[in-house]
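Protein chains in written order, with my numbering: chain H, 922 to 1034; chain B, 114 to 223.
A virtual CB, placed ideally from N, CA and C, is assigned to each residue, including glycine.
Everything on this sheet refers to the single structure shown next.
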């Protein structure tokens, strides 16, 4: 079975720009969660998508938005990038809307200059 | 509020046993989870506890005391490949979100 794949692996943006990160969930998983991990810290929950609907959101501003597609893949969009948005963005998939046994992807490392 | 504390770094010797502690104060609780993250890689699920007591999985065991807001991860027969960050996380009541601690970076030396 294929795991969680994310793209791009690395990218550099400047303040004020917009970015879209993509995630393909593990085969058979229907739920996708996104986490932000700053250097040397634990991941922070951004939001979760289940059956194409947002199913929980962490303490992130509205300029962080997402989508889930019928094939359960997902996108994370961040508008008006700020320097503090520089981090590793982790996508995780799972089966069902109420489980925290997650399969993570390797992440997309975003640098904002 | 959510507060999860774990030591920042630990060092241990190959073949030894190490215990990584985690204390938590959270507004909800739906399990205590441990993930392993090698540098530059994805976190991988190790174990979780919902009820008090010890869960054993090969060389790794995890313990939970809900009344004390305390968990630990025990690693036996340490190997060099166990050098990684170990993330303690608490699940919320809805089961759709994990709150992570800052992670404990474990260095295993020969």
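Using the Cα positions of residue i and residue j, report the straight-line distance between them to the nearest angstrom.
i	j	result
residue 1018 of chain H	residue 931 of chain H	29 Å
residue 941 of chain H	residue 998 of chain H	5 Å
residue 1029 of chain H	residue 961 of chain H	16 Å
residue 948 of chain H	residue 992 of chain H	10 Å
residue 122 of chain B	residue 215 of chain B	10 Å
residue 977 of chain H	residue 938 of chain H	26 Å
residue 967 of chain H	residue 954 of chain H	8 Å
residue 979 of chain H	residue 945 of chain H	21 Å
List the residues of chain B whose Cβ lies closer than 9 Å to the Cβ of residue i, in chain order.
i	result
residue 1027 of chain H	153, 154, 155
residue 1018 of chain H	207, 208, 209
residue 1011 of chain H	155, 156
Does the beta carbon of residue i come closer than 8 Å to any beta carbon on chain B?
i	result
residue 999 of chain H	no
residue 976 of chain H	yes
residue 989 of chain H	no
residue 932 of chain H	no
residue 966 of chain H	yes
residue 969 of chain H	yes
Establish whether the CB of residue i and some CB of chain H are separated by less than 8 Å.
i	result
residue 146 of chain B	yes
residue 214 of chain B	yes
Counting only Cβ pairs nearer than 8 Å, list the residues of chain H close to residue i.
i	result
residue 204 of chain B	1021
residue 200 of chain B	963, 964
Along chain H, in chain order, which residues have C-beta atoms closer than 9 Å to that of residue i?
i	result
residue 161 of chain B	1021, 1022
Query raised in the report: In chain order, what residues of the stretch 122-140 of chain B put their CB closer than 7 Å to some CB of chain H?
Result: Residues of the stretch 122-140 of chain B that bring their beta carbon within less than 7 Å of a beta carbon in chain H are absent altogether.
Report task. Pull out every residue of the stretch 938-955 of chain H whose Cβ sits closer than 9 Å to any Cβ of chain B, in chain order. Result -> 952, 954
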